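Visitor:
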Amino acid sequence: MMIVTASWRKEELLFNENVCPKGCEPELFENSLQLRERRLDLEELLAEEKSIAKSLKKESDMLIKKDKLGRTSRQAVETDVELINQEKQLKMDELDVVVPLRLDQVIQKQLITDEEHQSITEVFIYFYHPL
5 MMIVTASWRK EELLFNENVC PKGCEPELFE NSLQLRERRL DLEELLAEEK SIAKSLKKES
65 DMLIKKDKLG RTSRQAVETD VELINQEKQL KMDELDVVVP LRLDQVIQKQ LITDEEHQSI
125 TEVFIYFYHP L
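Just so you know, we're using our numbering here: the sequence shown kicks off at 5 and counts up by one.
#1: Using the C-alpha atoms, what's the distance from Glu82 back to Ser64?
#2: Leaving aside the five residues before and after Arg78 along the sequence, list all residues of the same chain whose C-beta is less than 7 Å from its C-beta, in chain order.
#3: Would you mind stating whether Glu21 and Leu44 have Cβ atoms separated by less than 9 Å?
#4: Give the range of the alpha helix (DSSP H) segment to which Pro30 is assigned.
#5: Please report the straight-line C-alpha distance between Leu49 and Leu39, rounded to a whole angstrom.
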């Protein structure tokens, strides 16, 4: 805590920033006033830049969060698409395809020698002639 005395208060009131004190060169005084003004301008610019930097940091953090969310969503969608494609491929693999053949185009080669398992489905097909 600062104790203000009457003499200090009187000196403060007598000092004027725009008046060159006794014993000081006017050029030096003008330079100090210019430097003081420049320092105040720079401090003001610095405060503005800090404010801009702070808002840019907030925006950057928000965009990083959105990016993470987007990447997670994209990965989930890609996984879903992959599963759908696998299911679709399995269903395609299960499709029966009918190929009409004449008997003279087929030679039966027995796969199993047990007679009860023999059927037309258990044959190799060799073509005599092109279809």
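All C-beta atoms in this analysis are idealised placements derived from N, C-alpha and C, irrespective of residue type, glycine included.
Given the structure is predicted, the values throughout are model-derived calculations rather than measurements.
Guide: Let me lay it out:
#1: In this model, Ser64 and Glu82 are separated by some 26 Å (Cα to Cα).
#2: If you ignore the 5 residues before and after Arg78, its C-beta comes within less than 7 Å of no other C-beta in its own chain.
#3: For Glu21 and Leu44, no; Cβs fall outside 9 Å.
#4: Segment 30 to 98, the alpha helix (DSSP H) holding Pro30.
#5: Computed Cα separation, rounded: 15 Å.
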